[in-house]
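Before any comments, here is the structure.
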Amino acid sequence: MRHADHLGSQFAGKIEAMNTRRLVISITFLSIFAMAVRIVIDPDTFWHLATARYILNTHTIPHTDIFSFTRFGHPWRGGDVGWLIQIPFYWLQTHVGPGGIYLLTAVLVTIAYIFIYRSLSGGIFLRSFILILSAVTAAVHWSPRPYLATYVLSAVTLWLFESCTYKKRDHLNWLPLIMIIWVNSHTAHITAFLLWGVYTADAGLRWLADSRQGELSSGFQLLKNSLLGRYLKIGALMALAVGINPGGYRSFLYPFETMSIKALRQFVVEWQSPNFNDPMVFPFLILLLLVISTLAISKQRIKTTDFLLLAGFTYLSLTAQRNIAMFALISPIILTRHLAPITEAAGQRIGYRGLSSAPPTKFQNWINSLLLVIIILVVGLKILLVFSEETYQEGLRARQPVDAVEVIKKLDPPGKLFNSYNFGGYLLWALPEYPVFIDGRTDLFGDEIIGEWGEIISAKPGWENQLEDYGIGVILIEPHWELNLLLPGHGWQVIYQDDLAVVFIPE
Numbered sequence: 002m003r004h005a006d007h008l009g010s011q012f013a014g015k016i017e018a019m020n021t022r023r024l025v026i027s028i029t030f031l032s033i034f035a036m037a038v039r040i041v042i043d044p045d046t047f048w049h050l051a052t053a054r055y056i057l058n059t060h061t062i063p064h065t066d067i068f069s070f071t072r073f074g075h076p077w078r079g080g081d082v083g084w085l086i087q088i089p090f091y092w093l094q095t096h097v098g099p100g101g102i103y104l105l106t107a108v109l110v111t112i113a114y115i116f117i118y119r120s121l122s123g124g125i126f127l128r129s130f131i132l133i134l135s136a137v138t139a140a141v142h143w144s145p146r147p148y149l150a151t152y153v154l155s156a157v158t159l160w161l162f163e164s165c166t167y168k169k170r171d172h173l174n175w176l177p178l179i180m181i182i183w184v185n186s187h188t189a190h191i192t193a194f195l196l197w198g199v200y201t202a203d204a205g206l207r208w209l210a211d212s213r214q215g216e217l218s219s220g221f222q223l224l225k226n227s228l229l230g231r232y233l234k235i236g237a238l239m240a241l242a243v244g245i246n247p248g249g250y251r252s253f254l255y256p257f258e259t260m261s262i263k264a265l266r267q268f269v270v271e272w273q274s275p276n277f278n279d280p281m282v283f284p285f286l287i288l289l290l291l292v293i294s295t296l297a298i299s300k301q302r303i304k305t306t307d308f309l310l311l312a313g314f315t316y317l318s319l320t321a322q323r324n325i326a327m328f329a330l331i332s333p334i335i336l337t338r339h340l341a342p343i344t345e346a347a348g349q350r351i352g353y354r355g356l357s358s359a360p361p362t363k364f365q366n367w368i369n370s371l372l373l374v375i376i377i378l379v380v381g382l383k384i385l386l387v388f389s390e391e392t393y394q395e396g397l398r399a400r401q402p403v404d405a406v407e408v409i410k411k412l413d414p415p416g417k418l419f420n421s422y423n424f425g426g427y428l429l430w431a432l433p434e435y436p437v438f439i440d441g442r443t444d445l446f447g448d449e450i451i452g453e454w455g456e457i458i459s460a461k462p463g464w465e466n467q468l469e470d471y472g473i474g475v476i477l478i479e480p481h482w483e484l485n486l487l488l489p490g491h492g493w494q495v496i497y498q499d500d501l502a503v504v505f506i507p508e
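Start counting the sequence shown at 2; every next residue gets the next number (our numbering).
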């Protein structure tokens with residue numbers, strides 16, 4: 002009995018010793034969840050909701066444009082590669098309210114960081130600190146849209162490749178299924194192949210090094226049984242899985258078509274290079290400098306995978322700030338791999354030995370539990386805030402032309418609608434009576450329509466003829482555009498104006 006009691010007390014001591022560790026982990030993920038559960042008015046959210054509304058009302062997935070008059074009937078694959086997440090968003094919007102979408106956003110972001118956490122190196126405090134820094138960097142890009150599927154599935158894919166490459170835990174058979182989910186959820190499924198390419202290139206270099214030690218025939222045998230062979234097989238299955246969506250294999254071209262649009266970087270902020278004078282970009286700059294500094298002082302040789310991931314996603318982030326979130330997701334793996342030995346050596350110099358294995362006192366347990374309860378209550382209050390209809394309406398009116406839309410509905414002026422790019426998504430959701438000129442579906446409008454919209458909104462020579470040719474009868478744009486100054490002198494009158502939007506109709 003004494004031996005059993007001794008074993009029981011040892012087991013209890015180990016459980017108690019985990020309290021501090023669990024507290025740190027809990028605080029880390031509750032903090033990330035709290036950052037993510039918030040009201041974000043993203044105009045693109047609305048066109049995804051409108052697409053799901055159409056799918057459920059007609060029981061068909063649209064393969065051509067149904068929302069604009071400038072591209073009506075043109076091929077469009079927004080439903081093909083987004084329906085799997087658009088429909089749940091719409092269900093939450095209509096049955097739970099906007100708060101349901103924001104809660105799902107926070108859950109998906111937290112799941113992504115759970116997989117990233119499992120891929121990190123080092124102690125609990127290092128992991129938690131880097132994870133929070135990563136979350137702060139990426140938080141500005143979290144919004145309720147199918148991009149969240151890419152965020153989560155990128156984290157899962159990274160974990161699978163990291164586990165297989167460095168921990169010899171092969172769970173890669175999940176990747177074809179992940180690919181099917183990905184290609185039906187978001188257009189950036191090409192990210193999976195970028196990650197696959199990085200780890201396959203590393204495996205290829207290893208295979209070449211090993212094959213030099215034997216004959217060519219044994220080299221081919223090595224390819225068959227090596228990690229490279231495994232990755233090539235999985236890559237083939239991933240490629241086959243891409244075609245399992247309503248649009249078939251043409252969906253593979255979707256991201257390339259979007260990136261080829263030159264007008265994006267001229268008129269769409271998220272496709273422009275980051276402005277390092279913007280305070281919202283400071284966390285990205287800090288994270289980038291921390292990675293570079295750590296690699297500079299690290300005694301470890303940088304792994305091929307780390308180099309390719311860092312070089313590739315740093316380049317993508319510097320060319321388009323929408324990619325900063327992916328850099329923030331990937332860089333902690335590289336950073337902690339090199340920072341962990343440095344912090345461990347520094348801890349030994351100052352006598353730090355990590356979390357104590359001794360059971361905490363009752364007072365320490367009480368303090369830990371109380372702190373965790375307080376944090377949970379604060380997070381709970383924030384959840385309640387996103388379910389507040391009044392708070393949501395305030396946020397919506399601050400970002401979208403709610404009152405202007407009501408005026409247009411009431412007056413019902415004839416003619417087509419010329420609208421701001423930033424209002425397009427909301428308009429096709431809230432004002433379906435008027436097909437839009439443009440919205441956030443940049444892949445659909447391309448350089449032609451985006452460029453023409455830019456010429457009109459900037460009042461370039463010939464803008465009057467362009468409006469006339471399109472049969473425009475209503476104009477809804479922001480007050481700061483130069484076009485506002487010229488319209489009154491060319492036969493247009495203001496019927497509504499506030500700090501956010503101006504509505505013009507012909508005199």
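The beta-carbon is built from N, C-alpha and C at its ideal position, and this holds for glycine as well.
The model shown is predicted, which means the values in this text are computed figures rather than measured ones.
Three or more Cβ pairs drawn from the segment 126 to 135 and the segment 279 to 296 lie within less than 8 Å of each other, which places the two stretches in contact.
Cβ neighbours of S186 within its own chain (closer than 6 Å, five residues either side excluded): L85, I86, P147 and A150. With 16 or more other Cβ atoms from the protein chains shown falling within 10 Å of its own Cβ, Y435 counts as buried. Annotated as proximal: T305 and D203, with beta-carbon spacing under 8 Å.
Your pair S459 and E479 does not check out as a contact, with CB atoms roughly 13 Å apart and the cut at 8 Å. The shortest C-alpha to C-alpha distance from L288 to any of L254, Y250 and L336 is the one to L336. Between G80 and the set D444, A502, P462 and E469, the nearest pair of CA atoms involves D444. Residue pairing of Y497 in beta bridges, as defined by DSSP: V504.
Looking from the CA of A156, the closest CA among S421, Y91 and L176 belongs to L176.
Here G123 is near T344, since their CB atoms are less than 8 Å apart. The count of Cβ pairs closer than 8 Å, one atom from the segment 152 to 169 and one from the segment 51 to 68, stays below three, leaving the stretches out of contact. Of the other Cβ atoms in all chains shown, 16 or more fall within 10 Å of the Cβ of G441; this residue is therefore buried. In this structure, A431 is the residue among A431, A35 and L319 with its C-alpha nearest to the C-alpha of T52. If the five residues before and after L382 are omitted, its C-beta is found closer than 7 Å to no C-beta atom of its own chain. Linking P489 to E391 through their CA atoms gives a straight-line distance of about 36 Å.
Around the C-beta of S294, fewer than 16 other C-beta atoms lie within 10 Å, and the residue is accordingly described as exposed. DSSP links I478 through a beta bridge to V503.
Using a Cβ-Cβ distance cut-off of 8 Å, the segment 17 to 36 and the segment 408 to 424 are not in contact, since fewer than three pairs of beta carbons, one from each stretch, lie closer than that value. Beta-bridge annotation (DSSP): P76 is paired with T65.
Proximity to L209 across F438, V25, L195 and L229 peaks at L229, based on C-alpha coordinates.
For F253, no alpha helix (DSSP H) encloses it, and the DSSP letter there is neither H nor E. For F419, the enclosing beta strand (DSSP E) covers residues K417 to N420. When rounded, the separation of the alpha-carbon atoms in V406 and A321 is 32 Å. CA-to-CA, the gap between A107 and F328 works out to about 19 Å. Separation of the CB atoms of I262 and D45 is rounded to 15 Å, and the pair is thereby denied contact status at 8 Å.
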